[in-house]
Amino acid sequence: MAQLNMVQAINLALSQEMERDKRIVILGEDVGRDGGVFRVTEGLRERFGAGRLIDTPLSESALIGAAIGMAAYGLLPVAEIQFMGFIYPALDQLFTHAARLRARSRGRFTCPLVVRTPYGGGIKAPELHEESSEALFCHMPGIKVVVPSGPYTAKGLLLAALRDSNPVLFLEPTRLYRLIREEVPEDDYTIPLGRARLAREGQDVTVVAWGSMLERVIKAAAPYDAEVIDLLTLNPCDMETVLASVKKTGRAIIVHEAVKSAGFGAEIAATIAEEAILHLRAPVLRVTAPDVTMPMSKLLDSYLPTLEQIRKALDEVMTY
Amino acid sequence: MAQLNMVQAINLALSQEMERDKRIVILGEDVGRDGGVFRVTEGLRERFGAGRLIDTPLSESALIGAAIGMAAYGLLPVAEIQFMGFIYPALDQLFTHAARLRARSRGRFTCPLVVRTPYGGGIKAPELHEESSEALFCHMPGIKVVVPSGPYTAKGLLLAALRDSNPVLFLEPTRLYRLIREEVPEDDYTIPLGRARLAREGQDVTVVAWGSMLERVIKAAAPYDAEVIDLLTLNPCDMETVLASVKKTGRAIIVHEAVKSAGFGAEIAATIAEEAILHLRAPVLRVTAPDVTMPMSKLLDSYLPTLEQIRKALDEVMTY
Amino acid sequence: MPEELLASFEVKHLSVLDENGNVDDLLMPPLSETEIRRIYESMVLARTFDERALSLQREGRLGTYPPILGQEASQVGSALALSPADWVFPSFREMGVHLTLGYPVHQLFQYWAGDERGQIAPAKLNIFPFCVSVGTHIPHAVGAAMAARYLGDPTVAVAYFGDGATSKGDFHEGFNMAGVFRLPVVFICQNNQWAISIPLKEQTAAVTLAQKAIAYGFDGVRVDGNDVFAVYRATTEALAKARSGGGPTFIECLTYRMADHTTADDAARYRPPEEVAAWRARDPILRLERYMVKRGLWSEEYGQELKKRTTAVIDEAVRAMEAIPSPEVAEMFDHTCATLSPRQAGQLKEL
Amino acid sequence: MPEELLASFEVKHLSVLDENGNVDDLLMPPLSETEIRRIYESMVLARTFDERALSLQREGRLGTYPPILGQEASQVGSALALSPADWVFPSFREMGVHLTLGYPVHQLFQYWAGDERGQIAPAKLNIFPFCVSVGTHIPHAVGAAMAARYLGDPTVAVAYFGDGATSKGDFHEGFNMAGVFRLPVVFICQNNQWAISIPLKEQTAAVTLAQKAIAYGFDGVRVDGNDVFAVYRATTEALAKARSGGGPTFIECLTYRMADHTTADDAARYRPPEEVAAWRARDPILRLERYMVKRGLWSEEYGQELKKRTTAVIDEAVRAMEAIPSPEVAEMFDHTCATLSPRQAGQLKEL
Ligand SMILES: Cc1ncc(C[n+]2csc(CCOP(=O)(O)OP(=O)(O)O)c2C)c(N)n1
Ligand SMILES: Cc1ncc(C[n+]2csc(CCOP(=O)(O)OP(=O)(O)O)c2C)c(N)n1
Ligand SMILES: [Mg+2]
Ligand SMILES: [Mg+2]
């Protein structure tokens, strides 16, 4: 087993699966010759040829639209959106078509498409390069939304996504790309979509997070007997694991990068309020970005949830 | 005072404000010569000229994009999207630009734009003509989201939206267009954005709804001592009114047309779970569409929340 | 070094059959009498379907319906040129294409009655679901063409859309991508000159739609869309070119929407009756009839017999459609994803 | 009735100043010596800014930065043609336009240091914020032109973007709308032949970008983008046409991105060094210098003196930028909407 960072783990998953299944093709802006702006697809064009690593024109909507057509035809396209901030022009294709093709055709056509995109903040990049709008896509029945939290989960979830017959939005926390190294097996393994991971066991409070916030939550929670849940898949969401934990601890905090209002934290808190109300010993808190336009890099660190804010929330529910 | 339906009330608001403020121009597909596919802009072209009622090519993204440019330049554009299902191609313009122009330019440019669109189900129309994806737009700081629930609120809210210096998404419940007639004053009046309306006072349970669900909730709640809150503005949301009511009643139900997961009901339930937990005597329930692709008209009535489902939720919280 | 000519471009117009039923022999595609009859019968089937759909709608047995009246030559002429394995990406106004390809008639009614099971194309046909969101299916055809090329299939992808769709971003992005990859795809625009109430000249300042192909480095041609032979010829050529690696073609069929936009529309509000009348004279079926009369392929009896035969087909399809039980409420849960999530399963149980 | 020619189109190329510094007298715009010096000095300012930005970035004092090296003629030549009241919609690689129009230099640094206050255009300039999402600002220019026409202003709206942007849906939708309404708008594409690692021929199959205007019914012209006089001339003409009601123009400036896409990019990974070397010989500043030498407008001393003067301007701007205190955290809350919602106010209080 090798110590890999997330870029390497994703690259490994892609190349192993491309080897295994000739139906997989990758398309996107700069994914071929350049190996992707984060080098996630580095070396794949040399290995699998330009026919399977397709550099597209600068057209996010057609890129996803074409991937839908490819998927329906019988391939397994992996479309890269260069940054999540540039997925919005393709949202129509995702919501109107990818998400609905199976239902609209009553299963006659399917859309086994994986859309990968770097996501989230903390990398001091230009405007629109640090978006975390995952909640939008969790409101689209028919699309799965997956967020790995490290190299190991990245490989296992991506392999599962590539083998799923539904469209999957695979969000890669940019800040983690090279931050963490982990043992990542060469072997084939999948992490099932729709299942959360207990990142840490604890008795007093449940903290739910995903993507790059997980790392911060683990740090913040160190002094507490906190159970930390790494959601991994946001849609469909493993509420069973969340509810079981909250029923045990009686306290819940959700941490995410996106703004608070109508963020995905709301769904989790709401589900707790619906299904575990009698077990709650404290308010369900959300630690999120404030409801303001995402600032540029000078203020971005103050915008994203900080260690202190997570600790403050922990203190608040513990002393409630 | 005249008895008007919602189409007439909106038409009246538009024509009165166009009379008052020459900066208002309306643009959209078929808004001019045809008077809009629901006749909401009927007669306005004859009255104000083709220069103020602009029929655009079939391009939702450019239509909203151009409206942003007009607004920044100094006009007050009102853009019509023919059905909410066709707003997705313009979501990028709304989220990337309209919502952020003021913040990105630190107030140097503003975007006083109103985007009107028929919204919601129950009209037996073709695919994509009955969408209710309001939650997506509530996750976009910088855009206000407004939903009238009848002719009276439609006029007052629209006038307020037209005078607001921020972009406002104005969602017109299609099912209500000609369903309800109300007294609508000829006079100028506004209903402030960001304030909910107590549609009915009650002691035992709070039911929160908006748009066309309000009418259904009022019916369903008749046998109960329910307080019914008509949200009117979803973003920013008047949580104070919701929380005050829930603190009084101890029970809360949210009803909306959209699918449950990551719908706007989640935000309300989450806020209650965060701020009124000690007051709750029952779980916070959401009555929504199921998390499936919206079916075509044969099944649409079963997809939308029914009177029975609302009643069942009322019973459940009352007997909890 | 002064201002130099860099490039020049031309747009051509193709017509074969004139309004009096005369054909240009040099351009007339080689069609047997049987084939000509088949073309005619397909057009009559399309029109009969359309008339019935309108009356069913008026009786409340169908939902909102977009008539195809006047566009039969564009639809039938192009569809007849296709191979069965080709992939078709329709908009919402191509029932004539479906019918010509042998799509089950009752399923077309079923779809317009608000039942998505109408979109289950038979296994032998690769027809995508109707695309209601204008123009957004164009990239799907591009992707299918990419997949066909990747797999070495001789398939061509064909996208149908209207003049209004040419203003959409997806039209542009899809066309551009098709050009870059020189894909086996044929784009067929039925320029019926109206997008609801917007006439062509308010849709674009371009004098033809065909010239839009210049922007993408491939050929565009305008065809008389009420001339079934011209449409057939242009489509046949475009398909052959696509199959032999020659890349995409854009075919603009100039035709006319004779009826309202849909049954929810009233075209009299926005367009002059004289315009409609002028186009009535160019009816694509009448035109073909005139030609067939000259060739001795049409007689009153044949016309009568065909009408009866076609009506019977439509009657039967209506019966078949109405015999289908409404979908069960639980079916809503069937195909959102391949399997139900726990939440969906819970919601299903609560029904 | 056979295949007829319907329409034909031409695309022209304009150049005035050749690589050896000779001009075509017939096309040379009437510019005084002072004006020519001003052009030259603007180009030098742009380049000096660019060099400094790169070194500041290397030192960690700026964030990711997109160099303009090689594109100075396209930016300065076009910007100089504008009237102060015109509205400018830049992409993210037009610092030469900002500088030529008199945008405060320190604010450009400030923006690229990650501070949006750099985008507060001075009251006298109508320059929109940088547009990072490629091509999405094109419709804004169209809307501004609509507003200007509505208000009877003589303003022209000018949008700048790259070759990659021509593939975006918003390019198409915006261009089409500009054509339909015959708006006072000028579209300036700096075709620097690369969109990150994608070369032009993988961006589009069209042989020129200028020909894309044919799709929208207005004029497109290709200009030597390293020839400041040609760019100036083409822009001046397009602006005059726009102001007199002649509608939009699309100007393709053929130039070259000499440097990496941004400081986060390594162009050596994907493009041949010979190509870059070939374009180095076509440096737009050198070319103008050669011309000025011939006209006696350039000397070593002038060059030296200008370099000193320009460096001082840039030094001062860097000092000014670094003297600005970082934004307060609370400022995040200032301009999302005109006023704070109760929730936002609560979040501000909790900071
Ligand atoms: C994206 C989108 N915007 C708006 C509509 C509403 N609409 C339905 S058909 C139509 C006009 C389409 O015109 P055209 O493309 O010419 O096709 P035709 O109806 O003439 O067949 C419009 C605006 C839609 N269905 N999709
Ligand atoms: C919508 C969108 N997609 C992708 C990107 C990432 N990106 C930034 S610049 C660029 C290439 C732009 O090429 P071009 O338009 O030619 O401008 P240039 O960089 O050459 O000035 C890409 C793909 C983006 N900023 N916006
Ligand atoms: Mg049309
Ligand atoms: Mg470029």
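Residue numbers (numbering that gives the first Met the number 0), protein chains in the order written: chain A, 0 to 319; chain B, 0 to 319; chain C, 0 to 350; chain D, 0 to 350.
Quick reminder that beta carbons are idealized off the backbone N, C-alpha and C, glycines included.
Partners in chain B for residue i, counting only beta-carbon separations shorter than 9 Å
i      : result
S54/D  : Going along chain B, no residue has its Cβ under 9 Å from S54/D, so there is no contact; the nearest lies around 27 Å.
T137/A : In the sequence under discussion, the amino acid at residue 137/A is Cys, which differs from the Thr named in the question. Per Cβ cutoff of 9 Å: S260, A261.
Y87/A  : L90, D91, Q92, L93, F94, T95
M27/C  : Here the premise fails: no neighbours, minimum Cβ distance about 36 Å.
Near ligand 2: residue i beta-carbon under 7 Å from a heavy atom
i      : result
E28/A  : yes
S132/D : yes
P140/B : no
R115/A : no
R270/D : no
P89/D  : no
L57/A  : yes
H136/D : no
Q74/D  : no
C-beta contact flag for residue i and residue j at 8 Å
i      : j      : result
R105/B : A120/D : no
G201/B : A225/B : yes
S164/A : A337/C : yes
S148/B : D91/B  : no
V15/D  : R232/D : yes
Near ligand 1: residue i beta-carbon under 7 Å from a heavy atom
i      : result
D162/C : yes
W193/C : yes
Q303/D : no
F37/B  : no
L157/B : no
E129/A : no
L52/B  : no
R92/C  : yes
F85/B  : yes
Q189/C : yes
Beta-carbon separation (whole angstroms), residue i vs residue j, contact threshold 8 Å
i      : j      : result
F160/C : I137/C : 7 Å
V141/C : V184/C : 6 Å
I253/A : I267/A : 5 Å
F127/C : P66/C  : F127/C to P66/C, Cβ: 21 Å. No contact.
S166/C : S14/B  : 28 Å between Cβ atoms; not a contact.
A272/A : I271/B : 6 Å
Residue i beta carbon near ligand 3 (any heavy atom closer than 7 Å)
i      : result
R256/C : yes
Proximal chain B residues relative to residue i, where beta-carbon distance stays under 7 Å
i     : result
R99/A : T292
Listed by chain order, chain A residues near residue i by CB distance under 9 Å
i      : result
V283/B : A269, A272, E273, I276
Residues that residue i contacts on chain D, provided the C-beta gap is smaller than 7 Å
i     : result
V24/B : Y149
Within chain C, partners of residue i - CB distance below 7 Å
i      : result
E239/A : P341
Chain C residues whose Cβ lies nearer than 9 Å to that of residue i
i      : result
Q192/D : Simply none; closest approach about 15 Å.
Contact set between residue i and chain D, taken where Cβ atoms lie within less than 8 Å
i      : result
F169/B : Under the 8 Å cutoff, chain D gives no residues; its nearest Cβ is about 16 Å from F169/B.
Within chain A, partners of residue i - CB distance below 7 Å
i      : result
Q346/D : P289, D290
Any C-beta of chain F under 8 Å from that of residue i
i    : result
S7/C : In the displayed structure, chain F is absent; the protein chains listed are A, B, C and D.
Legend entry - alpha helix (DSSP H) segments (min. 4 residues) lying fully within the region 284-349 of chain C: Here the runs fully enclosed are 299-322, 341-348.
Legend entry - Every unbroken alpha helix (DSSP H) within the region 192-258 of chain C, with a cutoff of 4 residues, ordered by chain: Listed in chain order, the alpha helix (DSSP H) elements of length 4 or more contained wholly in the region 192-258 of chain C are 199-202, 227-242.
Inset, instruction - At 4 residues or longer, and completely inside the region 65-113 of chain B: list those alpha helix (DSSP H) runs for me, N to C. - result: Counting whole runs of 4 or more residues, the region 65-113 of chain B contains the alpha helix (DSSP H) stretches 100-103.
Inset, instruction - Within the region 135-180 of chain C, note down every full beta strand (DSSP E) run reaching 3 residues or more, in order along the chain. - result: Qualifying beta strand (DSSP E) stretches, in chain order: 156-161.
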